[in-house]
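Engineer: Structure below; questions to follow.
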Amino acid sequence: MHIPDGFIDIPTSVAFAGIATAGMALSLKGAKSALDEKTAPLAGLTATFIFAVQMLNFPVAAGTSGHLLGGALAAILVGPWVASLALTVVLVMQALLFADGGLTALGLSVFNMSLIGVWVGYGIFILVKKILPKNKSSISIAAFLGGLISVPFAAAGFVLQYAIGGTGTFSISQVLTAMIGTHILIGIGEGVISALAVGAVMASRSDLVYGYKGASQVLETRVKE
Amino acid sequence: MVHSLPSHLKIIAVLFFVLVVVSTPITYWPAFVIFLTLVVSAAIAGKIAIPTLAKRALIEIPFIFFAVLMPFFGTGERFELGPLNLYRDGLLAGLSIVAKGTLGVLSAVILSTTTTAREILRGLERLRLPTIMVQIASFMLRYVNVISDEMERMKIARQSRGFDATGVKHWKVIATSAAALFIRSYERGERVHLAMLSRGFDGELPHTEAKSVGTRAWLIALTIPTLALITSISFQMIG
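Taken in sequence, the protein lines are chains A and B. 0 is the number of the first residue of the first sequence in numbering that gives the first Met the number 0; add one for each residue after it. 0 is the number of the first residue of the second sequence in numbering that gives the first Met the number 0; add one for each residue after it.
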């Protein structure tokens with residue numbers, strides 16, 4: 000469930016929509032090298048994957064279950080630019096087609112998930128990868144930490160928005176404790192699943208892992224002149 | 000009538016309406032009764048059954064829990080309501096979140112039930128969403144069923160091998176499935192891409208010429224948000 004309408008006031012929502020738009024403009028620019036109109040099918044299937052993987056529940060305990068947010072995972076697999084575009088498309092579609100998340104709150108969610116979630120996850124991943132020795136298990140450890148840390152940071156984004164323009168009466172410290180507390184737990188699940196999933200992709204098609212090669216695979220096509 | 004409106008007008012109308020609703024303070028509660036009436040009349044004009052509308056609005060429930068807790072934990076003035084001892088500010092804030100959130104969800108549901116996904120994409124295109132994002136979205140819509148079927152098949156395959164996910168020890172299996180799903184999605188993307196290239200795709204998707212939008216369509220689309228705006232302003236003027 001994403002942020003509904005009326006939870007954060009309009010000036011704050013508009014400001015974050017502006018930041019989100021700027022972020023998307025940058026992502027479009029950044030993705031240009033890896034992505035043009037011709038490769039839209041690849042990015043589109045990545046978005047589909049994120050959408051589907053968010054429906055994949057993993058059991059936690061006593062009948063409760065969680066699901067992946069997928070920001071860090073997508074960033075590691077297809078690169079942060081394409082990942083943030085794909086995640087934004089997913090959020091827009093969820094709001095317009097499934098009424099999941101308010102239309103006026105779209106900028107807030109895009110900021111938290113497509114910008115913070117993706118970039119913090121990817122940043123941590125790159126940082127950890129730099130520190131650790133260069134081998135495949137380091138990739139998994141880096142993916143774990145990326146996933147783990149990205150989730151509470153995305154939650155902190157929400158707390159920031161709540162602190163600026165929240166309409167509720169819970170104090171900021173109450174919201175901070177509740178959000179960060181639960182999201183550290185969610186982050187552990189996110190981290191473990193992201194690491195295992197990246198590990199599994201590495202085992203069979205390491206060429207598809209952007210965070211491993213440092214560049215996305217360019218599909219070679221030869222045209223008869 | 001609602002179905003045939005151009006989709007970008009509907010998106011604008013919903014956005015405009017929700018902006019008005021969210022900007023209206025909850026203390027002018029009669030305005031919210033009128034907002035709800037407007038939403039319901041739009042649903043009736045769009046021939047949406049009210050139970051359908053209500054059922055699809057259930058997605059909001061997690062936030063309602065949050066709002067329901069608000070009157071019980073807080074600070075400030077308290078008052079008795081039957082057996083309950085509530086915080087006035089908390090009650091108002093909770094009501095505001097529920098009322099505005101519900102109106103937002105209801106309008107979005109009206110938009111999505113009266114507009115096909117393809118039309119919504121066309122609307123976004125006309126609202127100048129970058130082409131590449133529209134294309135990403137259109138591929139997503141086209142393949143979302145294929146990919147979720149793929150996921151379902153993997154689930155059935157797991158179950159037929161006796162797998163039952165009960166706890167943390169099963170995460171590896173779930174994660175491996177996610178990885179397989181990624182590889183399958185990505186490889187499908189590659190195949191689609193190659194198939195399109197071999198059919199002469201050059202980055203431009205075929206378009207049907209967009210119809211120009213008459214004043215009448217604008218008037219119809221903006222009726223409800225304008226009525227909402229007038230309601231909101233007049234209640235705030237009266238105080």
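The C-beta atom is built at its ideal place from N, Cα and C for all residues, glycine as well. Just so we're clear, the structure is a prediction, and the values are computed from it rather than from any experiment.
Determine which residues of the stretch 24-35 of chain B have a Cβ less than 8 angstroms from any Cβ of chain A, and write them out in chain order.
Structural biologist: Going along the stretch 24-35 of chain B in chain order, one finds no residue with a Cβ nearer than 8 angstroms to chain A.
Engineer: Could you tell me whether the Cβ of Gln-134(B) comes closer than 8 angstroms to any Cβ of chain A?
Structural biologist: True, the Cβ-Cβ gap to chain A drops below 8 angstroms.
Engineer: Determine the chain A residues that contact Val-67(B) at a beta-carbon separation under 7 angstroms, and present them in chain order.
Structural biologist: Those do not exist, as Val-67(B) stays about 12 angstroms from chain A at its closest Cβ, beyond 7 angstroms.
Engineer: Roughly how many angstroms lie between the CA atoms of Arg-141(B) and Ala-98(B), to the nearest whole one?
Structural biologist: Roughly 35 angstroms separates the two Cα atoms.
Engineer: Nearest to Met-236(B) by CA position, among Val-39(B), Thr-23(B), Glu-149(B) and Trp-170(B), is which residue?
Structural biologist: Answer by Cα proximity: Thr-23(B).
Engineer: Are the C-beta of Arg-198(B) and some C-beta of chain A separated by less than 8 angstroms?
Structural biologist: No, Arg-198(B) lies away from the interface with chain A (no Cβ there is under 8 angstroms from its Cβ).
Engineer: Please go through the same chain and pick out, in chain order, the residues whose beta-carbon is closer than 6 angstroms to the beta-carbon of Tyr-161(A), but skip the five residues on each side of it.
Structural biologist: Closer than 6 angstroms at the Cβ level, and outside the excluded window around Tyr-161(A), lie Val-174.
Engineer: Can you name the residues of chain A whose CB is closer than 7 angstroms to the CB of Thr-165(B)?
Structural biologist: Within chain A, the residues near Thr-165(B) are Pro-58.
Engineer: Taking the alpha-carbon positions, what's the Gln-134(B) to His-169(B) distance?
Structural biologist: Cα to Cα, the separation comes out at about 36 angstroms.
Engineer: Look up Arg-160(B) in the DSSP assignment and say whether it is helix, strand or coil.
Structural biologist: Here Arg-160(B) sits in coil by DSSP.
Engineer: With a threshold of 8 angstroms between beta-carbons, can Ser-58(B) be considered close to chain A, or not?
Structural biologist: The sequence given here has Ile at residue 58(B), not Ser. Yes, Ile-58(B) counts as interfacial toward chain A.
Engineer: Touch check for the stretch 188-202 of chain B and the stretch 196-207 of chain A: three-plus C-beta pairs under 8 angstroms?
Structural biologist: Because the criterion of three Cβ pairs below 8 angstroms is not met, the stretch 188-202 of chain B and the stretch 196-207 of chain A do not touch.
Engineer: Does any residue of chain A have a CB that is nearer than 8 angstroms to the CB of Gly-316(B)?
Structural biologist: Outside the displayed range of chain B (0 to 238) lies residue 316(B), so it cannot be described from this structure.
Engineer: Establish whether the CB of Trp-170(B) and some CB of chain A are separated by less than 8 angstroms.
Structural biologist: Chain A contact via Cβ: present.
Engineer: With a CB to CB cut of under 7 angstroms and the five nearest residues on each side skipped, what residues in its chain are close to Ala-12(B)?
Structural biologist: Excluding residues within five positions, the ones whose Cβ falls inside 7 angstroms are Ala-220, Leu-221, Ile-223 and Pro-224.
Engineer: According to DSSP, which residues form a beta bridge with Phe-78(B)?
Structural biologist: For Phe-78(B), which the question treats as bridged, DSSP gives the partners Leu-85(B).
Engineer: Could you name the residues of the same chain whose beta carbon sits closer than 7 angstroms to that of Ala-196(A), not counting the 5 residues immediately before and after it, in chain order?
Structural biologist: So the qualifying residues of the chain are Leu-72.
Engineer: Helix, strand or coil: which one does DSSP assign to Ser-215(A)?
Structural biologist: For Ser-215(A), the predicted structure reports a pLDDT of 49, less than 50, and the residue's modelled location is therefore unreliable. The matter cannot be settled from this model.
Engineer: Quick test of your reading: Pro-240(A) and Gly-101(A), contact by CB under 8 angstroms. State the CB separation rounded to the nearest angstrom.
Structural biologist: A question about residue 240(A) goes unanswered here, because the residues of chain A that appear run from 0 up to 224.
Engineer: For the stretch 169-192 of chain A, enumerate the residues whose C-beta is nearer than 9 angstroms to any C-beta of chain B, in chain order.
Structural biologist: Residues Phe-169, Ser-170, Gln-173, Gly-188, Val-191 and Ile-192.
Engineer: Is it true that the CB of Gly-100(B) sits closer than 8 angstroms to the CB of Ile-10(B)?
Structural biologist: No, they are not a contact pair.
Engineer: Does the stretch 105-124 of chain B come within contact of the stretch 98-115 of chain A, defined as at least 3 CB pairs closer than 8 angstroms?
Structural biologist: Yes, the stretch 105-124 of chain B touches the stretch 98-115 of chain A.
Engineer: Would you say Thr-181(A) and Val-17(B) are within 8 angstroms of each other, going by their C-beta atoms?
Structural biologist: No. Outside cutoff.
Engineer: Along chain A, in chain order, which residues have C-beta atoms closer than 7 angstroms to that of Tyr-55(B)?
Structural biologist: Strictly speaking, residue 55(B) in this sequence is Arg, with Tyr absent from that position. The contacting residues are Ala-98.
Engineer: Inspect the CB distances between the stretch 73-90 of chain A and the stretch 39-55 of chain A and report whether three or more fall short of 8 angstroms.
Structural biologist: At 8 angstroms Cβ cutoff, the stretches touch.
Engineer: List the residues of chain B that Ser-149(A) touches, going by C-beta distances under 7 angstroms, in chain order.
Structural biologist: The premise fails here: Ser-149(A) is roughly 16 angstroms from chain B at the closest Cβ pair, so nothing lies under 7 angstroms.
Engineer: Would you identify the three-state DSSP class for Ile-131(B), choosing helix, strand or coil?
Structural biologist: In the structure shown, Ile-131(B) sits in a helix (DSSP, three-state: H, G or I).
Engineer: Rounded to whole angstroms, what is the Cα-Cα separation between Glu-203(B) and Ile-96(B)?
Structural biologist: Each residue's Cα considered, the two are about 43 angstroms apart.
Engineer: Quick one: list the residues of chain A neighbouring Val-212(B), beta-carbon separation under 9 angstroms, in chain order.
Structural biologist: Per Cβ cutoff of 9 angstroms: no residues; Val-212(B) is ~19 angstroms from chain A at best.
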